[in-house]
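Comments concern the structure below.
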Amino acid sequence: MSPEAVARVCHETNRAWQEVTGEAPSLPWEQAPAWQRESSLDGVRHALAGVGPEELHEAWCRHRLADGWRWGPTKDPELKTHPCLVPYGELPAVQRVKDDLFLTVVRVLGPLVSGGRRGAGPDVGGA
1 MSPEAVARVC HETNRAWQEV TGEAPSLPWE QAPAWQRESS LDGVRHALAG
51 VGPEELHEAW CRHRLADGWR WGPTKDPELK THPCLVPYGE LPAVQRVKDD
101 LFLTVVRVLG PLVSGGRRGA GPDVGGA
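Under UniProt numbering, the very last position in the sequence shown is 127; numbers go up by exactly one each time.
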């Protein structure tokens, strides 16, 4: 399994969580913008390195800020604003759960990632 395949599962898990919580869901992986797919892949790389939810969120914030995003009351890809560009401790519980779900998916699938830090498993599919 590739890191990209894990990123896809994480993205789709995030979409499901968005639907359950009433948040407007992201587009499916195949239709998601490149910046969003890269964000998921970057998160997978950090999670495979063993970071916790707070470090994962901090890495996400750094990636966004480096790409010109800033805090805003609503998520707007065109304006590059996002309400989650705050310290981890200030995130609403529903957003912290999203980070926990992401990490759980990576921890479960991580051992299957070929060449991954968590142990190389069989290549059971690609992105």
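Beta carbons are placed, not taken as given, at the ideal position from N, Cα and C, and that holds for glycine.
Item to complete: Can you tell me the Cβ-Cβ gap for Trp71 and Lys80, rounded? I've got them flagged as a contact below 8 Å.
Response: So it is not a contact: roughly 10 Å between Cβ atoms.
Worksheet entry | Backbone CA spacing between Glu19 and Arg96 [nearest angstrom] | In this structure, the straight-line span from the alpha carbon of Glu19 to that of Arg96 is close to 16 Å.
Worksheet item: Do you know offhand how far Leu112's Cα is from Glu38's?
Response: The straight-line gap from Cα to Cα measures roughly 20 Å.
Practice prompt. Output the distance between the C-alpha atoms of Ala5 and Val105, rounded to the nearest integer angstrom.
Written response: The C-alpha of Ala5 lies about 11 Å from the C-alpha of Val105.
Worksheet item: How is Ser114 classed by DSSP in three states: helix, strand or coil?
Response: Ser114 falls in the coil class under three-state DSSP.
Item to complete: Could you tell me the distance, in whole angstroms, from the CA atom of Tyr88 to the CA atom of Ser114?
Response: So the alpha carbons of these two residues sit roughly 31 Å apart.
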